[in-house]
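*Asks:* Here you go, one structure.
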Amino acid sequence: MKCITNIGLIATAYGTSPRAGSKQGEISLKKDKSILIQGDTIVDIVDSVPESLSGEIIDAEGCLVTPGLVDSHTHLVFGGWRAHELQLKMQGVDYLEILKQGGGILSTVKETRAASEEELINKASSILSEMLKEGITTVEAKSGYGLNLVDELKQMRVVEHLNLVQEVELVSTLMAAHALPNEYLDNKEGYIELIIDTIIPETARLDLAKFCDVFCETGIFNVEESRRILEAAKEHGMKLKIHADEINAIGASRLAGEIGTISAEHLIAIDYKGLSSLKNGGCIACLLPATSFYLGKPYAPARSMIDMGIPVAIATDFNPGSCPSHSLQLCCNLANYFYKLSPEEILTAVTLNAACALDLGNKIGSIEKGKQADIVIWNAPDLDFLCYRFGSNLAAKVIKKGRVIV
Ligand code: NIG
Ligand code: FE
């Protein structure tokens, strides 16, 4: 048995399902407790260290302790970077315009196809070790830079491999419907058929993805195309996600509510119909404030979502084009400054609600008896401090599955 002791404050959401409305900010705050860990599991939260304890003692030095952070939306595995696009953007060239000119996602597709599995593993693995140091213990990773059978499978195999060789727990999402690859520019229907008839069935047969996601956006996949792809994935046992209303509200969040995707992501441009649909469909709104920041776009209406009782999760969207940052801590700052969410609501958004967006709410996302011991000790006395300091890493110690890793 191990014990985390000398804890100043444990701040955690609780339960196994998404927290919405006023419950999003109702968290448990416990002072001067110790956490007992057996193997990879939290077994108790007690007033003092049992005298009989013989295992490792982890000293929290009077600091804040929270659950490990969960990044529920990333495009982790890719070749190359796209630093030059920043200067295009500074000159006023729009994100969708860059994509139309063959840049954007398609230039990352070129580099991802050219990269070997080993190169992709090495690159993603060094990013994951930085994420772990920042307190992130679980990460969702989307494919979508292969855009053909071989290279989509390659990206997802990289995720499968990384799950075995490093500590951050990964959840894999198939996102073959991320853009139209060059070879199908005049044959969109052909690519959709490839996704439905080949890529989805093969991914399911090889058990390479838990989720399927679609970029439902002007000039990418429309609502009906997205619906067909998501329904095919559902038939193959995948759970669903959707990139919705990132740039334009073309009906993606309405689709999300209708078909019951577990989460809808981005939602910068969501309208009232979209919000009602998410609420009625029981979807989690997965918001990505660092993407708004980097693209110079508005911030999603997070306060309205909470007021309407839609559970909010917050993630990085880490990718080479619209968010070259994997700092979930920065996302917490931005959520406080621009979404006007409270530190308590934000904690729930990056732990329990994010875990639920990955269908892992019964295993991670809170510090409670029976949950996996994914825990962060912070160089901070309380949650306010986490939202106040920005730009430096405040994680002091990171515990994954009961082991101190950082
Ligand atoms: O979530 N919107 C689509 N996908 C990513 C961007 C990917 C890229 O630009 O490479 C996003 O913003
Ligand atoms: Fe994304």
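Residue numbers for the sequence shown follow my numbering, so the first one is 1 and each next one is one higher.
By construction, the Cβ of each residue, glycine as well, lies at the ideal position given by its N, Cα and C atoms.
Since we're looking at a predicted model, the values are computed, not measured.
1. What distance in whole Å lies between the Cβ atoms of arginine 19 and threonine 348, which are believed to be in contact at a cut-off of 8 Å?
2. Could you please give me the residues that DSSP links to glutamate 169 through a beta bridge?
3. Roughly how many angstroms separate the alpha carbons of asparagine 319 and aspartate 47, rounded to a whole number?
4. In terms of residues, what are the limits of the alpha helix (DSSP H) holding histidine 84?
5. For serine 366, which option in Ser28, Glu130 and Asn280 has the closest C-alpha, if you only look at C-alpha atoms?
6. Do you know whose CA, among Leu360, Cys331 and Cys356, lies nearest isoleucine 346's CA?
7. Does the structure place the segment 34–42 close enough to the segment 381–395 that three or more beta carbon pairs sit under 8 Å?
8. Quick one: Cα of cysteine 283 to Cα of alanine 244, how far?
9. Once the 5 residues before and after leucine 295 are set aside, which same chain residues still bring their CB inside 7 Å of it?
10. Quick one: using the 10 Å Cβ neighbour count with 16 as the cut-off for buried, is aspartate 317 buried or exposed?
11. Mind checking glycine 402: buried by the 16 CB within 10 Å criterion, or exposed?
12. State buried or exposed for alanine 395, treating a residue as buried only when at least 16 other CB atoms are found within 10 Å of its CB.
13. Given the structure, does glutamate 265 come close to the ligand FE, in the sense that its CB is under 7 Å from one of the ligand's heavy atoms?
14. Just checking my contact of lysine 369 with isoleucine 42 at CB under 8 Å: how many whole Å lie between their CB atoms?
15. In the DSSP assignment, find the beta strand (DSSP E) that holds glutamate 224 and state where it starts and stops.
16. Which residues bound the alpha helix (DSSP H) around threonine 108?
17. What I want to know is whether the C-beta of asparagine 319 ends up closer than 7 Å to one or more non-hydrogen atoms of the ligand FE.
18. Tell me whether glutamine 101 sits in a helix, a strand or coil according to DSSP, three-state version.
19. How big is the Cα-Cα spacing for proline 324 and serine 52?
20. Between asparagine 248 and threonine 218, is the Cβ-Cβ spacing less than 8 Å?
21. In or out: histidine 84 buried (at least 16 other Cβ within 10 Å) or exposed?
22. Three-state secondary structure (DSSP) at threonine 261?
23. Which residues does DSSP list as the beta-bridge partners of proline 67?
*Replies:* In terms of the structure at hand:
1. Here the question's residue 348 lines up with position 348 in the sequence shown. Here the question's residue 19 lines up with position 19 in the sequence shown. At roughly 5 Å, the Cβ-Cβ gap stays under 8 Å, so threonine 348 and arginine 19 are in contact.
2. As a position in the sequence shown, residue 169 is number 169, starting the count at 1. Under DSSP, glutamate 169 takes part in a beta bridge, and its partners are Thr138.
3. Your numbering for residue 319 matches position 319 in the sequence shown. Your numbering for residue 47 matches position 47 in the sequence shown. Cα to Cα, the separation comes out at about 43 Å.
4. Mapped onto the sequence shown, residue 84 falls at position 84. Looking at the DSSP string, the run of the alpha helix (DSSP H) that includes histidine 84 is 84–90.
5. For this step, residue 366 is matched to residue 366 along the sequence shown. In terms of CA proximity to serine 366, Ser28 leads the group Ser28, Glu130 and Asn280.
6. For the purposes of this step, residue 346 is identified with residue 346 of the sequence shown, where counting begins at 1. Measuring from the Cα of isoleucine 346, the nearest candidate turns out to be Cys331.
7. no
8. Residue mapping note: residue 283 aligns to position 283 of the sequence shown, counting from 1. Residue mapping note: residue 244 aligns to position 244 of the sequence shown, counting from 1. If I take the Cα positions, the gap works out to 12 Å.
9. For the purposes of this step, residue 295 is taken as the residue at position 295 of the sequence shown. Cβ within range, chain order: Tyr95 and Ser322.
10. On the sequence shown, position 317 is the one that residue 317 refers to. It is buried - the Cβ of aspartate 317 has at least 16 other Cβ atoms within 10 Å.
11. What you label residue 402 is simply residue 402 of the sequence shown in a count that begins at 1. Flag for glycine 402 reads buried.
12. Numbered from its first residue, the sequence shown carries residue 395 at position 395. Alanine 395 comes out buried.
13. In the sequence shown, residue 265 corresponds to position 265, counting from 1. Within the cutoff, so yes.
14. Residue numbering aside, residue 369 sits at position 369 when the sequence shown is read from its first letter. Residue numbering aside, residue 42 sits at position 42 when the sequence shown is read from its first letter. That pair is a contact at about 6 Å.
15. Walking along the sequence shown from the start, residue 224 turns up at place 224. Taken as a continuous stretch (DSSP letters only), glutamate 224 belongs to no beta strand (DSSP E), being part of the alpha helix (DSSP H) at 223–235.
16. Taking the first residue of the sequence shown as position 1, residue 108 is located at position 108. Note, threonine 108: alpha helix (DSSP H), 105–114.
17. Locating residue 319 in the sequence shown gives position 319, where the first residue counts as 1. Checking every heavy atom of the ligand FE against the Cβ of asparagine 319, one is found closer than 7 Å.
18. Within the sequence shown, residue 101 is the residue found at index 101, counting from 1. Correct three-state label for glutamine 101: coil.
19. As a first step, residue 324 must be located in the sequence shown, where it is residue number 324. As a first step, residue 52 must be located in the sequence shown, where it is residue number 52. Those two C-alpha atoms are separated by around 48 Å.
20. By one-based count along the sequence shown, residue 248 stands at place 248. By one-based count along the sequence shown, residue 218 stands at place 218. Closer than 8 Å, so yes.
21. By one-based count along the sequence shown, residue 84 stands at place 84. Answer is exposed; the Cβ neighbour count stays below 16.
22. Numbered from 1 along the sequence shown, position 261 holds the residue referred to as residue 261. Of the three classes helix, strand and coil, the one that applies to threonine 261 here is coil, per DSSP.
23. Here residue 67 refers to the residue found at position 67 when the sequence shown is read from its first residue. According to DSSP, proline 67 bridges with Ile375.
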